[in-house]
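Undergrad: This is the structure I have questions about; it appears just below.
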Amino acid sequence: MNDMLLEVRGLSKSFGALRACDGIDFDVREGETHAVIGPNGAGKTTFISQLSGDLRPDQGSIRFAGQDVTPLRAPARAKKGFARSFQITSIYREFTALDNVALAIQAHAGHSFRFWKPARSEPALRDPARQYLDGVGLGERANALAANLSHGEQRQLEVAMALATKPRLLLLDEPVAGMGTEESQRMVTLLDSLKGRQTMILVEHDMDAVFSLADRISVLVYGRIIATGAPLDIRANTEVRQAYLGEDS
Amino acid sequence: MRAHAQLIFWAVLVAALALLPPVVGVLHEPFYVELVRRVMIFAIAAASLNLILGYGGLVSFGHAAYLGIGGYAVGILSFYGMNSGWLQWPVAIGASALVALAIGAVSIRASGMYFIMITLAFTQMLYYLGISIEEFGGDDGMRIKTRSQFSGLIDLADPVASYYLVLVLMFGTIYLVHRIARSRFGMVLRAAKSNEARSRAIGFSPYSYRLCAFTIAGALCGLAGALLANHTAYITPDFMHWTRSGEIMFMVILGGVASSAGPLLGALVLLVFETLLAGWTEHWQVILGPLLVLSVIFFRTGLAGIIPGAGDE
Ligand SMILES: Nc1ncnc2c1ncn2[C@@H]1O[C@H](COP(=O)(O)OP(=O)(O)O)[C@@H](O)[C@H]1O
Ligand SMILES: [Mg+2]
Chain G
0 MNDMLLEVRG LSKSFGALRA CDGIDFDVRE GETHAVIGPN GAGKTTFISQ
50 LSGDLRPDQG SIRFAGQDVT PLRAPARAKK GFARSFQITS IYREFTALDN
100 VALAIQAHAG HSFRFWKPAR SEPALRDPAR QYLDGVGLGE RANALAANLS
150 HGEQRQLEVA MALATKPRLL LLDEPVAGMG TEESQRMVTL LDSLKGRQTM
200 ILVEHDMDAV FSLADRISVL VYGRIIATGA PLDIRANTEV RQAYLGEDS
Chain L
0 MRAHAQLIFW AVLVAALALL PPVVGVLHEP FYVELVRRVM IFAIAAASLN
50 LILGYGGLVS FGHAAYLGIG GYAVGILSFY GMNSGWLQWP VAIGASALVA
100 LAIGAVSIRA SGMYFIMITL AFTQMLYYLG ISIEEFGGDD GMRIKTRSQF
150 SGLIDLADPV ASYYLVLVLM FGTIYLVHRI ARSRFGMVLR AAKSNEARSR
200 AIGFSPYSYR LCAFTIAGAL CGLAGALLAN HTAYITPDFM HWTRSGEIMF
250 MVILGGVASS AGPLLGALVL LVFETLLAGW TEHWQVILGP LLVLSVIFFR
300 TGLAGIIPGA GDE
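So the sequences go chain by chain: G and L.
With numbering that gives the first Met the number 0 as the guide, the letters of the first sequence map in order to residues 0 to 248.
With numbering that gives the first Met the number 0 as the guide, the letters of the second sequence map in order to residues 0 to 312.
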């Protein structure tokens, strides 16, 4: 049990009468890429938002690295080692790409009650930020305004920001959604390069991406996890095929 | 190129303001020294509001409260015979900071419209408090018999000396806000304005940074209040009237939010226009109001965005 980085038990969240997450049990091992698939409206984003601390669960518990983090809000969870990308890209559009990542570095470099020195000329923030931008292939776009990046570049930037916080667990909500084939290929290559080094939960619709990246897959349907297993088992699972994959094949 | 234009802009601005008293002295027009001193005091108030409104996205509709607290701190201490500026001004700044801390603590968690209403409500409370205390003149306000004393170093009753003091403090405030906005603290503030969910997701809790900025802004505006009391030698609850808060906000927006020169440009244009129109017709507010609304709609970047060298970065 002790190699579990994340242990979720009985997680439930309702919006009015709608049970978006209904008693979810879920584990992530250290180093694992655990994909979550399921049809639209299954509750995947709601699940991720409860892990990141953006949404409060109605019931259930979240243990992270052996510690109960259920009461913690998003900033506190980020400090513990959670980082996320949002299904709808969430970046600082009015800032440059480099500023975006430097802010993520700054968020984990002690308190920010420093009022005098210009943050943009601090090598302690800018140098590592540049490395993370290089790491996702955005090195040449460092000084571009984030709003002016292409959709694919913005998603890469968001991943760079998440990585710059040196997370223990990376939560990715549909990282290749809405991308062209070339862009999405670049993202899959990036995620593949992280695989093994970076523990990840990957919510994704693109089945090729999921089956190539995931160590384990959980299938979420109407707020419940109906199966968890290795990619081959999930492919073979008839219940899963009926509930979900059936639409694809 | 850009940096060059900025240098010229600021050099011209500093030179023009510094040379104004001797020039209008020659022309025997002391009125302009008074007017521009008032402009610069309001530029301090607007620069302080710009820190939270422009950089922080906190639309405070109660910033005149700190003009009032700063002004009343000077007036009340003077009423009790304590005329030392070394005492009065720190009290003006400190009391404004404390009240801002309290108001901010209550209001900052509220978002959008609620934040505007709460800040407005608190300032209205202070306004009615000012009206209700007869001892300090109530509705009519109170004359300040002796201006703040600084051990004989400077005589604030001398219009030119006090002009230069205000000038130095104004550029000091503008520079301070400029530095803060670019520091780590300022980056957190601006990032939270840009995208709060993203800030929280990378580990920032915007609340404490916003509260701190709100307190600093209150303190700086308290200084403007102390200067205004010395400028008019009179304090009245009108310092805190909601239209005053609106004026300061208009200065920031007209000048250009989140720009260093904006508050000064906004204060200059608004107060000069007000004065010109008031000399021309009694109904100047009827003309000024729509002009302001149009200017906000058509120059989204404000004056700082259209004057070469006045913009930032
Ligand atoms: N804030 C909300 N308020 C009300 N209903 C919501 C909210 N967020 C999500 N839902 C509903 O909860 C269900 C699950 O949504 P979501 O988690 O976004 O699904 P998925 O990410 O799997 O597509 C959907 O039916 C959605 O309409
Ligand atoms: Mg979703």
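Cβ atoms here follow ideal geometry from the backbone N, Cα and C, with glycine treated the same way.
Tell me whether G/V202, by its Cβ, gets closer than 8 Å to a heavy atom of ligand 1.
TA: Translated into the one-based positions of the first sequence, residue 202 of chain G becomes position 203. Checking the Cβ of G/V202 against ligand 1 gives yes.
Undergrad: Would you mind sorting G/S248 into buried or exposed? The rule is 16 or more other CB atoms within 10 Å of its CB.
TA: Translated into the one-based positions of the first sequence, residue 248 of chain G becomes position 249. Low confidence applies to G/S248: its pLDDT is 41, below 50, so where it sits in the model is not reliable, and the reading given next is rough at best. By the neighbour-count rule (16 or more Cβ atoms within 10 Å), G/S248 is not buried but exposed.
Undergrad: With distances taken Cα to Cα, identify the nearest neighbour of L/Y162 among L/R36, L/T145, L/F297 and L/W9.
TA: Start at 1 with the first residue of the second sequence, and residue 162 of chain L comes out as number 163. Residue L/R36 is the option with its Cα nearest to L/Y162.
Undergrad: Can we say the region 165 to 183 of chain L touches the region 63 to 83 of chain G, given the rule of at least three CB pairs closer than 8 Å?
TA: Too few Cβ pairs lie closer than 8 Å, so no.
Undergrad: Quick check on G/S248 - is its C-beta less than 9 Å from some C-beta in chain L?
TA: The residue you call residue 248 of chain G lines up with position 249 of the first sequence. Any reading at G/S248 must be qualified, since the residue scores a pLDDT of 41, below 50, and its modelled position is unreliable; the value itself is stated next. Taking Cβ atoms only, chain L never reaches closer than 9 Å to G/S248, which makes this a no.
Undergrad: What are the boundary residues of the beta strand (DSSP E) that G/T32 is part of?
TA: Mapped onto the first sequence, residue 32 of chain G falls at position 33. Residues T32 to I36.
Undergrad: Please find out if some non-hydrogen atom of ligand 2 comes closer than 8 Å to the beta-carbon of G/K43.
TA: On the first sequence, position 44 is the one that residue 43 of chain G refers to. True, at least one ligand heavy atom lies under 8 Å from that Cβ.
Undergrad: So G/D172 is in the beta strand (DSSP E); what residue range does that whole segment cover?
TA: Position 173 of the first sequence, counted from the start, is the residue given in the question as residue 172 of chain G. Its beta strand (DSSP E) spans residues L168 to D172.
Undergrad: What I want to know is whether the C-beta of G/Q49 ends up closer than 8 Å to one or more non-hydrogen atoms of ligand 2.
TA: By 1-based counting over the first sequence, the position of residue 49 of chain G is 50. No.
Undergrad: Identify whether L/E28 lies in helix, strand or coil by the three-state DSSP scheme.
TA: For the purposes of this step, residue 28 of chain L is taken as residue 29 along the second sequence, with counting starting at 1. Reduced to three states, the DSSP call for L/E28 is coil.
Undergrad: What's the C-alpha gap between G/K116 and L/R183?
TA: As a working note, residue 116 of chain G is residue 117 in the first sequence. As a working note, residue 183 of chain L is residue 184 in the second sequence. Approximately 7 Å, taken between the alpha carbons.
Undergrad: Straight-line CA distance for G/M0 to G/V27?
TA: To locate residue 0 of chain G, count along the first sequence from 1; it is residue 1. To locate residue 27 of chain G, count along the first sequence from 1; it is residue 28. Because the pLDDT of G/M0 is 48, which lies under 50, any placement of that residue in the model is unreliable, and the question is left without a value.
Undergrad: Against chain L, with Cβ distances strictly below 9 Å, would G/Y131 count as a contact?
TA: As a position in the first sequence, residue 131 of chain G is number 132, starting the count at 1. Answer no: the Cβ-Cβ gap between G/Y131 and chain L never drops below 9 Å.
Undergrad: Can you look up G/T227 in the DSSP assignment and give me helix, strand or coil?
TA: Along the first sequence, one-based indexing puts residue 227 of chain G at 228. Reduced to three states, the DSSP call for G/T227 is strand.
Undergrad: Should L/I43 be labelled buried (16 or more other beta-carbon atoms within 10 Å of its own) or exposed?
TA: The residue labelled residue 43 of chain L in the question sits at position 44 within the second sequence. With 16 or more Cβ atoms within 10 Å of its Cβ, L/I43 is classed as buried.
Undergrad: What is the DSSP secondary structure of G/F94, counted as helix, strand or coil?
TA: Translated into positions along the first sequence, residue 94 of chain G becomes position 95. In the structure shown, G/F94 sits in coil (DSSP, three-state: anything other than H, G, I, E or B).
Undergrad: When you compare only the Cα positions, how much space is there between G/D98 and G/R125?
TA: Start at 1 with the first residue of the first sequence, and residue 98 of chain G comes out as number 99. Start at 1 with the first residue of the first sequence, and residue 125 of chain G comes out as number 126. Their Cα atoms are separated by approximately 8 Å.
Undergrad: Here's a check: name, in chain order, each residue in its chain whose Cβ is nearer than 7 Å to the Cβ of G/I104, leaving out the five neighbours to either side.
TA: Position 105 of the first sequence, counted from the start, is the residue given in the question as residue 104 of chain G. Within the same chain, G/I104 has close Cβ partners L124, P127, A128 and A163.
Undergrad: Do L/G265 and L/I252 have their beta-carbon atoms positioned less than 9 Å apart in this structure?
TA: What you label residue 252 of chain L is simply residue 253 of the second sequence in a count that begins at 1. What you label residue 265 of chain L is simply residue 266 of the second sequence in a count that begins at 1. Cβ atoms of L/I252 and L/G265: closer than 9 Å.
Undergrad: Within the present structure, is the beta-carbon of G/D277 separated from the nearest heavy atom of ligand 2 by less than 8 Å?
TA: No answer is possible for residue 277 of chain G: the residues shown for chain G start at 0 and end at 248.
Undergrad: Taking a cut of 8 Å between CB atoms, which residues from the region 207 to 228 of chain L lie near chain G?
TA: Hits within the stretch, in order: Y208 and C211.
Undergrad: Please look up how many angstroms separate the CB atoms of L/A218 and L/A99, rounded, as I've assumed it's under 8 Å.
TA: In the second sequence, counting from the first residue as 1, residue 218 of chain L sits at position 219. In the second sequence, counting from the first residue as 1, residue 99 of chain L sits at position 100. That belief holds up - the Cβ atoms of L/A218 and L/A99 are roughly 7 Å apart, short of 8 Å.
Undergrad: For G/A208, which residues of its own chain have a beta-carbon under 7 Å away from its beta-carbon, when the five flanking residues on both sides are left out?
TA: Looking up residue 208 of chain G in the first sequence gives position 209. V175 and V187, listed in sequence order.
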